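To start, the structure itself, in structure tokens.
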Amino acid sequence: MASRFLLLLLLLSLLLIGNCIEEDETTTIKTTMEQFSGYPAADPSQEIHSIPVDSLALQQQIDELSTFSDSAAPSVTRILYSDNDVVARRFIKNLMGRAGLSVREDAVGNIFGRWEGSEPDAPAVSTGSHIDAIPYSGKYDGVVGVLGAIEAINVLNRSGFKPKRSLEVIMFTSEEPTRYGISCLGSRLLAGSVSLAKALTQTVDNANISFLDAAKSAGYAENEDFSSVFLDEKSYSAFVELHIEQGPILENEGISIGIVTAIAAPASIKVGFGGNGGHAGAVLMPQRNDAGLAAAELALAVEKHVLESGSVDTVGTVGILEVHPGAINSIPSRSHIEIDTRDIDEKRRNTVIEKVHESAVSISKRRGVDLLEFKIVNQDPPALSDDSVINAMESAAQLLGLSHKKMISRAYHDSLFMARKAPMGMIFIPCYKGYSHKPEEYASPEDIAKGVKVLALTLAKLSINS
Ligand code: GLV
Ligand code: MN
Ligand code: MN
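Numbering (mature numbering (1 follows the signal peptide of the UniProt record, and there is no 0)), first residue to last: -20 to -1, 1 to 446.
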């Protein structure tokens, strides 16, 4: 009798969901109220709870968002406050509205979609990521954590869930440092960076467009007070970010879900050298002080110091190396390089920074060039996930019958900064060959659906129980 009733319920819910929802059977949630205490079904007597993810619609949204790009498909380039960024923001706000969320934006364009819970004054449970994309990158980095979060809200809505703590989806402004050289700009400000709030009023991009002008052109920064972005201490009780792994571990090991326990400590440095320049034929080698060669030598020194750490966890990249005037028959009179170095061990990462600085000084002396700039743009500590969020993510993955493992994030994320304001956790899903920051980046609809389900259940649990 009981099993017939259950079957009837299942059929009824499938009918209601309709054909448009692509539900892969392996991840259909069959969970009991005892297994997931605190998750309220629409009907408390309901013992089988099916949470469908609309994979078809989600993939269409990912594809459509990828067309708002400054480079041709399959690559995506979406730079802060560009026309395509503004269109993409409109797209996100529209989806948030359609999901029933009330939408607001702050002075730098962090976008918040809120589902008011039955305890509206309690700190909310938040989730989200970014949609800006570095030049010639892919369509999943960050996007999965924004569109996936909106779909997680849809999933909870469809399932009849009623939040106790409010739920918020956040689209963070400029996680990527592309335009103004500052990573996680939106979340860094939300976390209360006074120095950034001040610096933004003076910052210009490579085309000499000020942050203020760019922000205003996108409809933000009306009152020019970026401290207005800082979060109150009691805004959030938890923050969870869904993201592609950007590494190969989950795919290689055939595991569906990564439970992130820590985020590595990133730092970025800008260095400038200046020399006399001159004619490529007429100035003889002993007379030269070539700023380009100083930069090249420093780039090699970065690799050397990183390798000296002796740990595979220490990494360093020179992703920008520019020489002026940039003519084949002119000795570079100025050079500019930008260095990204990271480690899960902050002290070890800082040792690399010190050694790179010593090298920059000694190279400039030896080559007779001026060290015009050695600026540590950011030197962020690592962040640890909170046990309460880890437990919620793990129990959600278990209930869904999904294989999962604990892992660290070697990429940085807005979660690094949200961890300063709320207990934090991250859900990773596999991506093809671990590719990221290039057009080949790919995550399958099935893997994304699994991540969305884990996110939905985690949010539900944190909304009700924490
Ligand atoms: C984020 O995109 C990073 O560079 O880790
Ligand atoms: Mn990225
Ligand atoms: Mn990202």
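The beta-carbon is built from N, C-alpha and C at its ideal position, and this holds for glycine as well.
Remember, it's a predicted structure, so these values are computed and weren't measured experimentally.
Measure the alpha-carbon distance for V369 versus E318 and round it to whole angstroms. 35 Å
Mind checking which residues open and close the alpha helix (DSSP H) that includes D427? 425 to 445
Going by DSSP, what residue range makes up the beta strand (DSSP E) through S106? 104 to 110
With distances taken from each beta carbon to the nearest heavy atom of ligand 3, which residues come in below 5 Å, in chain order? D121, G122
Helix, strand or coil, according to DSSP, for V251 in the structure here? strand
Y415: CB within 6 Å of a non-hydrogen atom of ligand 1: no
Given a threshold of 16 other Cβ atoms within 10 Å of its Cβ, counted over all protein chains shown, does P312 qualify as buried or as exposed? buried
Check your reading: residues with Cβ closer than 6 Å to ligand 1 heavy atoms: E156, A391, Y392
Taking all protein chains shown into account, decide if P100 is buried (16 or more other Cβ within 10 angstroms of its Cβ) or exposed. exposed
Sort L170, G290, Y422, E353 by Cα distance to K214 and report the nearest one. L170
Give the list of continuous alpha helix (DSSP H) stretches no shorter than 4 residues that lie fully inside the segment 189 to 246. 191 to 197, 229 to 233
Given 8 Å, three or more beta-carbon pairs between the segment 372 to 387 and the segment 291 to 298: no
Output the boundary residues of the alpha helix (DSSP H) element that contains M373. 367 to 379
Determine the direct distance from the alpha carbon of A402 to that of E225, and round the result to whole angstroms. 22 Å
Does the separation of the CB atoms of M404 and M398 fall below 7 Å? yes
Which residues in the same chain have their Cβ closer than 8 Å to the Cβ of H393, if we skip the five residues on either side of it in sequence? S109, E155, C164, E221, H223, I243, M406
Tell me the residue span of the alpha helix (DSSP H) that contains N74. 63 to 78
Helix, strand or coil at H259 [DSSP, three-state]: strand
With contact counted as at least three CB pairs below 8 Å, one residue from each stretch, are the segment 195 to 207 and the segment 71 to 84 in contact? no
Using only the alpha-carbon positions, how far apart do A37 and V126 sit? 14 Å
Output yes or no for whether 7 Å exceeds the beta carbon distance between M373 and I239. yes
Exposure label - residue 448; buried when at least 16 CB within 10 Å: Any property of residue 448 remains undetermined from this structure, which presents the chain solely from -20 to 446.
Taking 8 Å as the threshold, find out whether the segment 347 to 358 comes into contact with the segment 244 to 251 through three or more Cβ pairs. yes
Within the continuous beta strand (DSSP E) that includes F397, where are the two ends? Unbroken run through F397 is the alpha helix (DSSP H), 395 to 398; no beta strand (DSSP E).
Okay, do the segment 127 to 137 and the segment 427 to 437 touch, 3+ Cβ pairs below 8 Å being the bar? yes
Looking only at its own chain, which residues have a Cβ that is under 6 Å from the Cβ of V432, when we skip the five neighbours before and after it? V33, G128, E131, A132
Examine the Cβ distances between the segment 42 to 61 and the segment 112 to 119 and report whether three or more of them are shorter than 8 Å. yes
Cutting at 6 Å between CB atoms, please list the residues of its own chain near A79, excluding the five before and the five after it. I130, I133, N134
Nearest to T183 by CA position, among Y160, T153, G166, is which residue? Y160
Same chain, Cβ closer than 8 Å to A104, five either side skipped, listed in chain order: R94, G97, R145, S146, L147, E148, S215, Y216, S217
Is the Cβ-Cβ distance between Y116 and S49 less than 7 Å? no
Quick check on Y412: does DSSP put it in helix, strand or coil? helix
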